[in-house]
Every structure is written in structure tokens, then in C-alpha cells.
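Residue numbers (this note's numbering), protein chains in the order written: chain X, -18 to 516; chain Z, 100 to 266; chain Y, 3 to 496.
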Amino acid sequence: MNRIESTLNTRSADFLANRAHNQALAAALRQQQEAVRHQRPERDMQRLARQNKMFVRERLQQLLDPGTPFLELSTLAANMDYDGEVPGAGVVTGIGIVSGREVMVNASDASVKGGAWYPLSVKKIVRATDIAVENRLPMVHLCDSAGGFLPLQADLFADRHYAGRIFRNQSMLSKMGVPQVAIVLGHCTAGGAYVPALSDYSVIVRGNGAIFLGGPPLVKAATGEEVSADELGGCDVHTRLSGTADYPASNEHEAIAIARDVVAQWQRPQKARVQWQEPEAPYYDPAELYGIVPRDIKVQFDMREVIARMVDGSRFHEYQPAYAPTLLCGFAHLWGYKVGILANNGVLFNESAQKGTHFIELCNQNRTPLIFLQNITGFMVGRDYERRGITKDGAKMIMAVAGSEVPKFTVVCNGSFGAGNYGMSGRAFDPRFLFMWPQSQISVMGAEQAANVLAEVKLRQLARNGEQLSAEQIAAIRDPVLQDYRRQSSALYSTSRLWDDGILDPVDTRNALGIALSASLNQPIAPPSYGVFRI
Amino acid sequence: MAHAFILNGDEHELWLSHERGGYRLHVNALQLPVKLLPRGDDLHELIVHDDSHRVFIAQRGDEVHVHLDGETHSLRYVHSLSRFAGENKDEGEAVARAPMPGAVIAVSVEAGQQVQRGQPLMVIESMKMETTISAACDGTVQALHVSVGQTFDRDAVLVTLDRNGTA
Amino acid sequence: MQKNWPFQSVLIANRGEIASRIVRTVQRLGLRAVVVHHAVDAGTPAVRQADAAIEIHGATPVAAYLDGAQIIEAARGAGAGAIHPGYGFLSENAGFARACAQAGLVFVGPSPEVIDLMGDKVRARAFVAQGGFPVAPSAIEDDDPASFAERALAVGFPLLIKPAAGGGGKGMRVVREAAQLGAELERARSEGQRYFGDGRLYVERFVENPRHIEVQVLGDAHGHVVHLFERECSVQRRFQKIVEESPSPALTPEQRRDICATAAGIARRAGYANAGTVEFIFGGGDFYFLEMNTRLQVEHPVTEEVLGIDLVEQQLRVAAGEPLGFAQDDLQPRGHAIEFRLYAEDPARGYLPTTGPVLALHEPRGPGVRIDSGIAAGQEVTAAFDPMLAKLIASGATRTEAMATARRALSEYVLLGCKTNAGFLRRLLDHPAFAAGEIHTGFLDAHPEVAAEPPLAADTLHRLLATAALASRPVRDAADAVPALHAAMGAWRN
């Protein structure tokens, strides 16, 4: 595999301007994540201390093996919802190493509204369990939740992928032989009680931990019985009498030590065999990514430069280099794993879709995981293209993506608009993980375009009534739409609603993908099979 | 959660990570590349960064005894489960432990006997000095673990008392 | 020179390092060495070296070694013609010496009468004083029990209360104030009763910062007595010796001549035969008789090293009836020897005895290094016996050379599994006052930094933690369990 020859001028004004812009975005992201992860009102932290509880970050530090990475998912979930009062949606999820094993962690953040489940909290936990199911990842639950947030129960209770799905996924994990351990560090009420009950192993802290389908207030209201949380469903009740929990612990540290020891008993999973060689750092400096991504989303850039700063040794074997240049396809190694990369260098034409389809089939045939680097405004439109079957070719690519058995990973590097999102393995196509870059945008069409279309509609409406508008009036109609659209297509908006698994600083993409790849290989890779390609 | 070793009564946390060709020791905020190579009998070569040291090592259970630079040290591995275990496993028992190694010269109670806090239970001897072991609380003698003439090590359990539920 | 010994086989009624050391000489002389041992000592070097080993029993291990009748029975059964009692145990038990004689066995030591005389500290003191030899101001209870407390007061403070039947530094108490005298006398009495079966006391003026100087003497059955020069044993804890050396750095040649002549005079007056040691307190240019030990002493090797004589051999020859093979003028000490007692104890914690398995043992070797050891790898050090493990004797042409040899040897002494005082001994060696020979019996109290465990340097701490981590399975296993990718990424966070 040959090294990519970079043709980037790292001293050009453009590069430097891009770099300044993207570094600022990355810094803003870090700051925002830092605040979401660690800043809490003093009052809430004191309450935790009074209750003898550790802050969730401290619990995680004790849980995870020192000196190992933690890929946190959807840190900024709910950042644009609930008036920003529920940082991280009150849950921390991510992939880490516990006693040498890759696990998915699901930890309540009791410092946020007592760890109550908001609709986005439920969505985040469901997503974590979905990832666990798809990748056969063992789970560690750190339970400390006040239960469902009643005022918003309509958005978290009844539907198929609402709260019940957590428990369904837990049951599936157990059915699949993928172990889970729950550490009960606070209350597990109503539905929440099922998290430890459905975990193969559970640890409960004496004093603070409690499991009950109905808490003391509910019990009092229902039957008039007066009982404390501990008497109702505390450590000794469940470890000595009911058998609902397995291990009693005197304090949080002991509970976590027990859980780590439980995880240490689990079998090491058989990993799916894919090609692998000793990892090598990229030849080019990943920090140069800041200078490559343009400040203006409409400006094109060469994805080869991005790939060169992500893959081992910056080596890349390009597939069909002369054909369909707007879709870059090729092989590389990332953290040692052989991967097939599809990346956008322009709109998708017929040939691009065909090339992509063919390449996806190749990768499935030789068991090569797929990485999609999105920067797509869409498929080419126009009479000529339709006649040549662009819709059909797009369908082929979607069919290939959907039928792909090798794990897929998607990074929205820049734009992700319209049907291009689908062909490039958007969220609906079950990439094992999907990440966004800070400046990326995702919507049915670009904000400018959408604003123009909507304004155009309005203008025509007014014209029918014989009204003419000045430039300012047009702007007055167009600009709010543009602002709104920009907001709703931003990475922050997407991540708030968990349309993705988190926003990454571009330089972190390599490590994130490495961890994701390793986690995905706990699931065997089935031989490929597809639906009918409309040839 | 890190590992812990006790050395001279102090607990030290550390972590060991694997890297190609050896290991890395994580202690305080430092990371040190380390290697331990056997050199026959109890002798080993410890390599920290590029510095080589002769060490003698002997282990029994969780105790690691090390001779380094002419001095002998003992470290004891403490498993996290033991480190963080709660104080009162069972509220009902109290044990009397030997403050130093020695031998029992007189026992003044028997199993089943009710004792009061401060009541002498047995007299032990060490270094030609006599020490009286007294009951730490009111209770019943559940078991005497040593008899007259027997020797014991420091911290050995001598007597177990059953607390009578009084504070 | 072939010798016709009156006994072919010698039974060693002792254990540990001294048993091993005696066995060595017995065998070197072509005699058969028989050792008695309690079951707990089955793995010790002496038992393995001996030509025959006989197990003895007792309510406690110590009781077994004190059972004279059982030991004599063992000697008879093994065909041993002589019994060497070593030191401690029955070595100064006149009753046992008599029983040996009655059983037709040669007791390797002085006569029962001399043992009796010198064993009773009060009688011994009186005997020495009557001979015109220097003794410290004192009050003896026996002289007039009624006035004892009053006379004790008159001795002046500080004073030392000693049990009349005591020895080896046990049961002694220093009293500095008159107000404490009454209570201390009571306690000393009860301890004397407990440990020596005799509650009688005597009281002696206590010399502050005294130096403990003793003289080795040797007499034969034909009336010849020589001294084998002095040893200084000032470095002590709880009145027990830790370091002994010969010659004493404190004495001028005149003082040496005086004190050695005094010792020989005392031994001669007592009609002493076999090996013994006269102990003195030396301070302010004066010396006083302390006591006489009618046995081989622990620290006899330093005398052997500077004189090139095997004292155990001399004991056996005297016991066999031979006249001494040398005269006083034939004895010329050369060079310097220092003995360090390696104890199973923790000097930093009040010299508390320690216990544990001997998991590894590597003793230093080399020119000028002698190790008399009583332990072997695989043994358990228990609280059953005195905590002395071994003696390290370093020799050299000068005191400085001997110290240098000792320093190297101590750093090479490796015993893993039971805490020893080896580190403490090295710190002692490095102390400037010790190097200058400014030692006295209060040395360790005056310099508590020697006993204190020095703080660990950061580098040393890291090396120890690295060693412990790499040697411990759970730590290594946890490291090996982390997948290579995650180990390489380290503590990365997105």
C-alpha cells in the first residue's frame, strides 16, 4: 500500500484560515463537553456528598481500568432541549475497559435532576443497549435514578423504542449470552428496577441502593403502608431475602470493586477475524485536519487529504482510481485493522453509485469493515441523469449498504444532505457507530437551498396576490428560515437528539474509530447477502 | 480502580499496563517503562527506563519480599475487594488479636463464659515481658484460639467474643 | 597430630547457630557430633550437619532444651561421651553439670562449684571483692534484707536493680529517682521469681554511658589460666548485645593490660577450668566487675578471629584433660574483628520480635567475612526462641577495614520472609559516632535515628513498587488482560 502524496499547502492563507476556524470550533466543543461533564451547581454536588454518593465521573474513574481509553457517546445529548438543564440527558454512556474487557457503560448521573429519565435520557440508554446488542458488548450499568420524568412521560413510556426497549434489549443480551452487571448505587424505581433485575449479575450498596417497583410514596398512596426505602427494597432485603440482587456492598468503592471482579469472571469473547497488522501512526499530522475542512460548507476539498491524516502510515490503496472520481474508494489500515473507505469528493453520479455498490460488495466478500466519510450534497439531478438511471443506481448503492454484513462506521465530516446520506450509510442503515464533526451539517437539503426554496414559495404566493417585495422584505422572510434551518441542521442539534453517537474533534476520529472497530468485532461477520439490485 | 500495595504501613496505588516488549508502571502521575528478568534462584534484574538493578524476590501469598540496594523491604498486595470492604461484616463478633508475637502463659476464661469489658482473658509473654489481653467489650467467649504454651505471630486472633447486643 | 580422645562422640545440647558452629569444630577434630533438637528445629543447619540427630520433647520447645534428664538419656543412647551445652539453656546450670558427671559424661565447661559460685551474682560479687578486684558500689539484699531498701538508697542514683540469680542482661531495671525505687524493687522481685526461680535482688551503682568490656579467659584442669584479651560489647538494646568487637577502641594499652590481668586473676582465684568470660563496666577510666559467665559466649568469634584460635576446640581439649597448648605470651592479637548479631526483630518498632518463613536466604562470603548461622531457607522463624538468626563477623587489619568489610557483607545479606535488623546494623555502621568508636551502652537510646526507619527515596519507592507489581500475578494478569489497542491508546478521552 502506497502512502498518499499530500498536495496540501499548509502555509496557504486558506489553510491557515480554515485551521483557525476549526481549532476554535474544536476548542468550543471541548469547553462545552467539559461543562456538560463536570460543571454542576454547588448545591447538587453537596447533596451528593451528603448522601455519601460519588459523582458519576468519580464512579467511572473507579470502574474503568486505569490507563485505558473511554469512548464517551453522545456527551452533548439534550444540549438544545429542556432549556439545557439536563446536561448529557443525565446519563453517561460509552465504551471502556473494565478488568481487561470491552464493555458498554450505562451510568446514571444523579447530579442531574436526581438522575431522572427524560425522553432523551431513555433514547440515550436505548441507543447504548442497541449498540451492545449489535456488537455483542457486555454491559455495566451504574444505577442511580429517580425514575421517569413524569411530566414528559408521553415521550418516554409507551412507544416501541421508548423505555420498554431498554428492558427488551437487556433480555436480548442475556438471551445472546452477553453478560451484564448492574451496580445499584441509588434508587431503581418502577421500570428502573428492571435494569438490575434483568442484568445477569447485580451489586447493591447498603444504605443508598434500593430496588422496588413502587417507591415509598407510591406504596403509601396505594395501600397506606408506611415503609422506608431501605426496608422496602434495600440491600439486605434483596441480597438476603428476595434474591433480586446478588452481591451486598458496604460502600460505593466496594460495590465497584465487586463489579470489576464480576466482569473479570466473564469469558473473553471470540473476535471476528479480519485482516490485521501492527498499527502505525499516520505519516501526516492529524492536526492538519483543522486546515483541510473549509470554513464554508460549499467549498470542496479532497478527502484523500483527510484519509491521509487518519489511517496507518497514511497508506491507502485506491480502488478504481480513474473511474467515478467523486466517490473515493479504497483500502487502508486503521489501528491495524484493514478497512474499506468510501469518501465523497463531490456529488454522486451514476458511476459513483455503481462504483460504491461494487466496492461495498468487494468489502463484504473479503470481510473488510467499511468506513463512510460523508461530505455529500446529494445525487446528481437532471434529465440526462434520470435517463441513465441515477435513481436506480442510487437504489443499488442503498441496497448494498443495507445488505452489508461487515460492520459499518460513518463519520459526517462536512455535509450530509438528502439521499446522499442514505447511500453513504446514514443513521437509518445501522452503521455500528455514527459520529459528526463540529462544523458538519445534516438535513434534507442545505440551509441556503432550503431557505431559498421556502422563500421562493412564499414569494410566489405573494406574487399571486399581486404583491412585490423589496430586497429587505425578502431578506426578512428568508433570514429567519435560514437561521432556523441552520440550527436544525447543525451537529449540536443532531447530537442533542441522538441522531448521532457524538461530535468528535476531527483529530480524535482515528482513536474513536479504532475503539469502535475493536468493539464491533465481538459480533461475528455473516456472509453477505443482498436484496435485489435494480441493475 | 488501581491496585494497592502496603509498604511500611502506607498504602500505595499503582497500575501496570502492557506495552510491546515490557510493561509500564503508572504511579502517582508518572509512567515508567519497567521490566523484570529472572536471573536464577531468587535473583532478578529490574529495569526501570534503562537502569538495571539487582533484586532478590521471594513471595508467599500476597507478601512480596524484596532485597534491593542492600536493604530488605516487604510489600503486601491488597485486593480492591479487601481494601474497600466494610468495617462491620458481622455486628456480632469481636476478636482479640496479638499485639506482638509471643507465647501464651496463662488463660483465665473458658468458652461460653460471660465476660465484662476490660476483664482479663489471657496473659501472653514476649521478650520476657508479660502482657494481659483483656476483653474489648461485654460478651460471651465464643472461642479460644490458642492454649497455654502455644506460640503465635503478631495479629494472630487469640479470642473471639460474641457481643451480647450491648453497645 | 593424632589425638586419643577420651570420648569419641560429643552431644551438643543446644540449637541454632551455636549448635551448628560447635558441630563444625567437633567434626573437624575427627569426633562424632550428635545433636538433640525439638521438632520445630528439624530443618536447621545443625541437625542436617550432625552425624546423628535425636528428637527431644517438651511442653514448649524451650522446655525441651531445658530438660537435662532427657538430654543425658539421649547422650547415653547415642553413645556420646561428652556434652557441650553451648550458651544459654543448661550451660550455667550446675545441677545439670553434676548430673552429667554422675552419668559418667564429660560436661564441656567448668566445674559445678564454679558454676554455682559465679551463677549467684551476689556470691560472685562478694568473691571478687574479697580478692581485691574492683567492684561497683552496691547493696546486696541477702546481707540484711531488712535494711536492703535503705542501703539501696545509699548506693546513690542512678542505680541498677539486678536479680541475684539472673544473667545475660535479663530482669535488670535502671532507677533514676528515689521515689521510684520501691515500686521497681517489687517488680524486679516478681520477675526474678518468674524467670529465674529466685526473687533475691542486689543493687549496683549505674555508670552513665558505660562501656561494656569483657575478657575471655581459658583455664585447664592443671591450674593454668590465660586471658585471650578483651571484647567490647557496648552497643546494646534492652541490655542485650547487638555488636561486639575486639580489640576495644576505648582502651589504652595500659588499661588493656590491667583489665585483662584482673580477669585472669579472678579466674585463677576461682580455680577456673575451661572457657569463661569476665564482664566489666568501664567508664571514666575506671572499670568494675560486673559478672562472670561460666560458658562460651555468643560473641566468642571476634576473639577467635583476632587470635586465630578455635575456642570450641580449646574447650574440648580442656574437657578431655589436656593442658593448655600455649602460654600467655604466645597470644598476640592481630587486626580487628567486629560481630553483628542478626536478629528477627524490627528496630523501628521498639525492636519487636518478628516472625515469618525464611523464603530466601543468601549469606555473604569472601575474605574477612564469617557467618555463623542457625537458619536455612525453608524454615519458619517463630516466637518459640530468642530471635537471633545469625552472627556476621567481619575482620580486617584495622577497625576501618573491618567496618568496610562489614558494610559490604551486610548489604549482601539477603533474608526474605521475616524482617531482620540488617538494615539497622548498616545504619549503625554508617553512624559517625560508631565509626569514631564513641560507643557506650546507652548509644542506641542516645541516637534514636539509627533504629528509625529512614524515609524512602522516591526512586527507591518506584523501584520497589515496580518489582512488587511485576512479581504479582493479579497485577500482571490485569495488565495482560487489556487488549493491545487500548493499552497502546492509554487514558485517551474524546
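From the three backbone atoms N, C-alpha and C, an ideal C-beta is built for every residue, glycine too.
#1: Take I76 (chain X) as the anchor and find which of X:L54, X:S102, X:D136 has the nearest alpha-carbon.
#2: Could you check where the alpha helix (DSSP H) with C102 (chain Y) kicks off and where it finishes?
#3: Shorter than 8 Å from the beta carbon of L487 (chain Y) to some beta carbon of chain X?
#4: Please specify which runs of the beta strand (DSSP E), each continuous and at least 3 residues long, are wholly inside the segment 94 to 176 of chain Y, giving them in chain order.
#5: According to DSSP, is V219 (chain Y) helix, strand or coil?
#6: Here's a check: name, in chain order, each residue in its chain whose Cβ is nearer than 7 Å to the Cβ of V292 (chain X), leaving out the five neighbours to either side.
#7: Identify whether I288 (chain X) lies in helix, strand or coil by the three-state DSSP scheme.
#8: Can you name the residues of chain Z whose CB is closer than 7 Å to the CB of N592 (chain X)?
#9: Return yes when the Cβ of L391 (chain Y) is within less than 8 Å of the Cβ of T422 (chain Y), no when it is not.
#10: How many whole angstroms separate the CB atoms of S(-13) (chain X) and E286 (chain X), which I take to be in contact at a CB cut-off of 8 Å?
#11: Rank X:E233, X:L199, X:D486 by C-alpha distance to the C-alpha of G525 (chain X) and give the top, closest one.
#12: Rounding to the nearest angstrom, what Cα-Cα distance links N187 (chain Z) and Q158 (chain Z) in this structure?
#13: Less than 8 Å between the CB atoms is what I'm expecting for P63 (chain Y) and A386 (chain Y), so what's the real figure, rounded?
#14: Can you confirm whether E118 (chain Z), when its beta carbon is compared against all beta carbons of chain Y, has any partner nearer than 8 Å?
#15: Looking at chain Z, is there any beta carbon in it that lies within less than 8 Å of the beta carbon of R30 (chain Y)?
#16: Please report the Cβ distance between R240 (chain Y) and F284 (chain Y), rounded to the nearest whole angstrom; I am assuming they are in contact, meaning their Cβ atoms lie under 8 Å.
#17: One question on the structure: do P147 (chain Y) and G194 (chain Y) come within less than 8 Å of each other, judged by their Cβ atoms?
#18: Report the neighbours of R241 (chain X) on chain Z: residues whose CB is nearer than 8 Å to its CB, in chain order.
#19: With 8 Å as the C-beta to C-beta threshold (strictly closer), list the residues of the segment 480 to 501 of chain X near chain B in chain order.
#20: Ends of the alpha helix (DSSP H) at I273 (chain X)?
#21: What does P47 (chain X) reach in chain Z if we use C-beta pairs closer than 7 Å?
#22: Is the CB of V12 (chain Y) under 8 Å away from at least one CB in chain Z?
#23: Go ahead and pull the three-state DSSP assignment for A266 (chain Z).
#24: Could you name each continuous alpha helix (DSSP H) segment of 4 residues or more that falls completely within the segment 188 to 218 of chain X, going from the start of the chain to the end?
#25: With 16 as the cutoff for other CB atoms within 10 Å, does T254 (chain Y) come out buried or exposed?
#26: Locate the beta strand (DSSP E) running through G75 (chain X), then write down its first and last residues.
#27: Between the alpha carbons of A2 (chain Y) and E256 (chain Y), how many angstroms are there, rounded?
#28: With DSSP collapsed to three states, give me the class of H302 (chain Y).
#29: Please tell me whether A205 (chain Z) has its Cβ less than 8 Å away from any Cβ of chain Y.
#30: Are the CB atoms of V328 (chain X) and T358 (chain X) nearer to each other than 8 Å?
#31: Using C-beta distances below 6 Å, list every residue in its chain close to I142 (chain Y), excluding the 5 sequence neighbours before and after it, in chain order.
#32: Quick check: what's the CA-CA separation for A109 (chain X) versus I147 (chain X)?
#33: Please report the distance separating the alpha-carbon of A266 (chain Z) from that of T239 (chain Z).
#34: Around the C-beta of D189 (chain Z), are 16 or more other C-beta atoms found within 10 angstroms, so that it is buried, or is it exposed?
#35: Would you identify the three-state DSSP class for D64 (chain X), choosing helix, strand or coil?
#36: Pick from Y:I14, Y:E75, Y:A44, Y:R127: whose alpha carbon is nearest that of V280 (chain Y)?
In short, the structure shows the following:
#1: Here residue 76 (chain X) refers to the residue found at position 95 of the first sequence. Considering only alpha carbons, the answer is X:L54.
#2: To locate residue 102 (chain Y), count along the third sequence from 1; it is residue 100. Where C102 (chain Y) is concerned, the enclosing alpha helix (DSSP H) stretches over 96 to 104.
#3: The sequence position of residue 487 (chain Y) within the third sequence is 485, counting from 1. Contact with chain X is found for L487 (chain Y), since one of that chain's Cβ atoms lies less than 8 Å from the residue's Cβ.
#4: As far as the segment 94 to 176 of chain Y is concerned, its whole beta strand (DSSP E) runs of at least 3 residues are 140 to 142, 161 to 165.
#5: Position 217 of the third sequence, counting from 1, holds the residue named residue 219 (chain Y). Strand, per DSSP.
#6: The residue you call residue 292 (chain X) lines up with position 311 of the first sequence. Here the set comprises P263, A313, H314, L315.
#7: As a working note, residue 288 (chain X) is residue 307 in the first sequence. Residue state, collapsed to three classes: helix.
#8: Any question about residue 592 (chain X) goes unanswered here, given that chain X covers just -18 to 516.
#9: Mapped onto the third sequence, residue 422 (chain Y) falls at position 420. Mapped onto the third sequence, residue 391 (chain Y) falls at position 389. Yes; because the gap between Cβ atoms is below 8 Å, this pair is in contact.
#10: The sequence position of residue -13 (chain X) within the first sequence is 6, counting from 1. The sequence position of residue 286 (chain X) within the first sequence is 305, counting from 1. Contact between S(-13) (chain X) and E286 (chain X) holds, with the beta-carbon distance rounding to 6 Å and staying under 8 Å.
#11: As displayed, chain X neither begins before -18 nor continues past 516, which places residue 525 (chain X) out of reach and without an answer.
#12: As a first step, residue 187 (chain Z) is located in the second sequence; it is residue number 88 there, counting from the start. As a first step, residue 158 (chain Z) is located in the second sequence; it is residue number 59 there, counting from the start. Annotation note: pLDDT 48 at N187 (chain Z) (below 50); position unreliable, coordinate value reported separately. So the two alpha carbons sit approximately 30 Å from each other.
#13: Your numbering for residue 63 (chain Y) matches position 61 in the third sequence. Your numbering for residue 386 (chain Y) matches position 384 in the third sequence. Indeed, because the Cβ distance is near 4 Å, the residues count as touching under 8 Å.
#14: In the second sequence, residue 118 (chain Z) corresponds to position 19, counting from 1. Answer yes: the Cβ-Cβ gap between E118 (chain Z) and chain Y drops below 8 Å somewhere.
#15: Position 28 of the third sequence, counted from the start, is the residue given in the question as residue 30 (chain Y). Not one chain Z Cβ lies under 8 Å of R30 (chain Y).
#16: As a first step, residue 240 (chain Y) is located in the third sequence; it is residue number 238 there, counting from the start. As a first step, residue 284 (chain Y) is located in the third sequence; it is residue number 282 there, counting from the start. In fact, because the Cβ distance is near 20 Å, the residues do not count as touching under 8 Å.
#17: Looking up residue 147 (chain Y) in the third sequence gives position 145. Looking up residue 194 (chain Y) in the third sequence gives position 192. P147 (chain Y) places its beta carbon 8 Å or farther from that of G194 (chain Y).
#18: Along the first sequence, one-based indexing puts residue 241 (chain X) at 260. M100, S179, listed in chain order.
#19: Absent here is chain B; the protein component of the structure consists of chains X, Z and Y.
#20: Looking up residue 273 (chain X) in the first sequence gives position 292. For I273 (chain X), the uninterrupted alpha helix (DSSP H) segment begins and ends at 270 to 273.
#21: As a first step, residue 47 (chain X) is located in the first sequence; it is residue number 66 there, counting from the start. A101, W114, H125, listed in chain order.
#22: Numbered from 1 along the third sequence, position 10 holds the residue referred to as residue 12 (chain Y). Judged by the 8 Å Cβ criterion, V12 (chain Y) is not in contact with chain Z.
#23: Taking the first residue of the second sequence as 1, we reach residue 266 (chain Z) at position 167. Low confidence applies to A266 (chain Z): its pLDDT is 41, below 50, so where it sits in the model is not reliable, and the reading given next is rough at best. In the structure shown, the three-state DSSP call for A266 (chain Z) is coil.
#24: Fully enclosed alpha helix (DSSP H) runs of 4 or longer: 197 to 204, 210 to 214.
#25: In the third sequence, residue 254 (chain Y) corresponds to position 252, counting from 1. Exposed is the label assigned to T254 (chain Y), since fewer than 16 other Cβ atoms lie within 10 Å of its Cβ.
#26: Walking along the first sequence from the start, residue 75 (chain X) turns up at place 94. Where G75 (chain X) is concerned, the enclosing beta strand (DSSP E) stretches over 72 to 79.
#27: An answer regarding residue 2 (chain Y) cannot be provided, because it is not within the stretch 3 to 496 covered by chain Y.
#28: Locating residue 302 (chain Y) in the third sequence gives position 300, where the first residue counts as 1. The DSSP-derived three-state label of H302 (chain Y) is helix.
#29: Locating residue 205 (chain Z) in the second sequence gives position 106, counting from the first residue. So no, A205 (chain Z) is outside the interface.
#30: Within the first sequence, numbered from 1, the residue matching residue 328 (chain X) stands at position 347. Within the first sequence, numbered from 1, the residue matching residue 358 (chain X) stands at position 377. Between V328 (chain X) and T358 (chain X), the gap from beta carbon to beta carbon is short of 8 Å.
#31: Mapped onto the third sequence, residue 142 (chain Y) falls at position 140. Same-chain partners within the cutoff: V124, Y204.
#32: Sequence index remark: in the first sequence, residue 109 (chain X) carries index 128 (1-based). Sequence index remark: in the first sequence, residue 147 (chain X) carries index 166 (1-based). Note on geometry: alpha-carbon atoms of A109 (chain X) and I147 (chain X) lie some 9 Å from one another.
#33: By one-based count along the second sequence, residue 266 (chain Z) stands at place 167. By one-based count along the second sequence, residue 239 (chain Z) stands at place 140. Because A266 (chain Z) carries a pLDDT of 41, less than 50, the predicted location of this residue cannot be relied on, and no value is offered for it.
#34: By one-based count along the second sequence, residue 189 (chain Z) stands at place 90. Here D189 (chain Z) scores only 48 on pLDDT, less than 50, and its place in the model should not be relied on; the value that follows carries that caveat. It is exposed - the Cβ of D189 (chain Z) has fewer than 16 other Cβ atoms within 10 Å.
#35: The residue labelled residue 64 (chain X) in the question sits at position 83 within the first sequence. DSSP places D64 (chain X) in helix when its eight states are reduced to three.
#36: For this step, residue 280 (chain Y) is matched to residue 278 along the third sequence. Answer by Cα proximity: Y:R127.
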